[in-house]
């Protein structure tokens, strides 16, 4: 049985996927309001007790858990699940708000002989899978540029805890940077620049460049006080690949100034929250090559923190 921890909007999306995959699962949620809404939208009962009470007397050997609670609770709940005995856990990004917390999760999972994965569903978009296919056909990535501009005028109006806003790069922009380096490989050398600040986040302007361990040149930019959006541009020897928005794929062939939208078979990204169906499929199939393991996350986090200016 799979344990779905949390009953908010993301949990509803996971429940849709689990039902479609004919999986048996139990939902545990603490908030009365979110639990009621979850039950109304899914028809599935939410157990409103603390996790340790729910699992008393239950056989949890080989059980899996999906953690989609509030950002500030993910770390503690994941540690608790490891302590109880869960052997396979998918936790929504960022899972940890510091390198120390991430290392704690890694140590705890190693000691428990368990697998912990970070939920970064953009990796499983149909557009991303197609981009990987085109890159392979072209012989690899030559260079990559990405932008992770956030709309501060919208974010500042959200009802979010101060700590989450102060770590917004990890809580949200991580989707962009993780996806970019999944194409190019991890940085080997990197120069990062920062400027400005918002009332809830410092810095506000980001720019940098470097070379990855596979020899790919990369550069990035983001201005949270100006116009912009999430975007990734990948250059191969034959074409330039555009992901902006990430759900779509566009191509510019060498020798042409025309940019054309690529037709995708993306029914799973239409019927379910984009990327989620295949992410859950990979998680339950223990396909580590497709997932972000806690080990790989610990290795990449210092690079993310440097880009973020934290």
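Residue numbers (the numbering used here): 32 to 341. Cβ atoms here follow ideal geometry from the backbone N, Cα and C, with glycine treated the same way. Remember, predicted model here, so these are calculated numbers, not experimental data.
Residue interval of the beta strand (DSSP E) (run including residue i)
i, result
"residue 244", "Segment: none, residue 244 is in no beta strand (DSSP E) and carries neither H nor E."
"residue 221", "218 to 226"
"residue 308", "Taken as a continuous stretch (DSSP letters only), residue 308 belongs to no beta strand (DSSP E), being part of the alpha helix (DSSP H) at 307 to 315."
"residue 35", "33 to 36"
CB-CB length for residue i against residue j, believed under 8 Å
i, j, result
"residue 122", "residue 150", "6 Å"
"residue 179", "residue 204", "4 Å"
"residue 59", "residue 34", "6 Å"
"residue 267", "residue 338", "At roughly 24 Å, the Cβ-Cβ gap does not stay under 8 Å, so residue 267 and residue 338 are not in contact."
"residue 265", "residue 214", "6 Å"
"residue 240", "residue 226", "Actually they are not in contact, since the Cβ atoms of residue 240 and residue 226 sit about 16 Å apart, beyond 8 Å."
"residue 277", "residue 153", "6 Å"
"residue 336", "residue 210", "Rounded, the Cβ-Cβ distance is 17 Å, inconsistent with contact."
"residue 45", "residue 314", "Residue 45 to residue 314, Cβ: 10 Å. No contact."
Beta-carbon spacing of residue i, residue j below 8 Å
i, j, result
"residue 134", "residue 280", "no"
"residue 103", "residue 187", "no"
"residue 254", "residue 236", "yes"
"residue 309", "residue 155", "yes"
"residue 274", "residue 262", "yes"
"residue 115", "residue 36", "no"
"residue 65", "residue 38", "yes"
"residue 346", "residue 144", "Residue 346 lies beyond the residue range present for the chain, which begins at 32 and ends at 341; the question has no answer from this structure."
Delimiting residues of the alpha helix (DSSP H) encompassing residue i
i, result
"residue 134", "130 to 142"
"residue 50", "40 to 51"
"residue 326", "325 to 339"
"residue 69", "63 to 73"
Per-residue burial, residue i [other beta carbons within 10 Å of its own, 16 or more giving buried]
i, result
"residue 181", "buried"
"residue 32", "exposed"
"residue 128", "buried"
"residue 77", "buried"
"residue 185", "exposed"
Per DSSP, cross-strand counterpart(s) of residue i
i, result
"residue 261", "179"
"residue 283", "271"
"residue 250", "176 and 240"
"residue 116", "In DSSP, residue 116 forms no bridge with anything."
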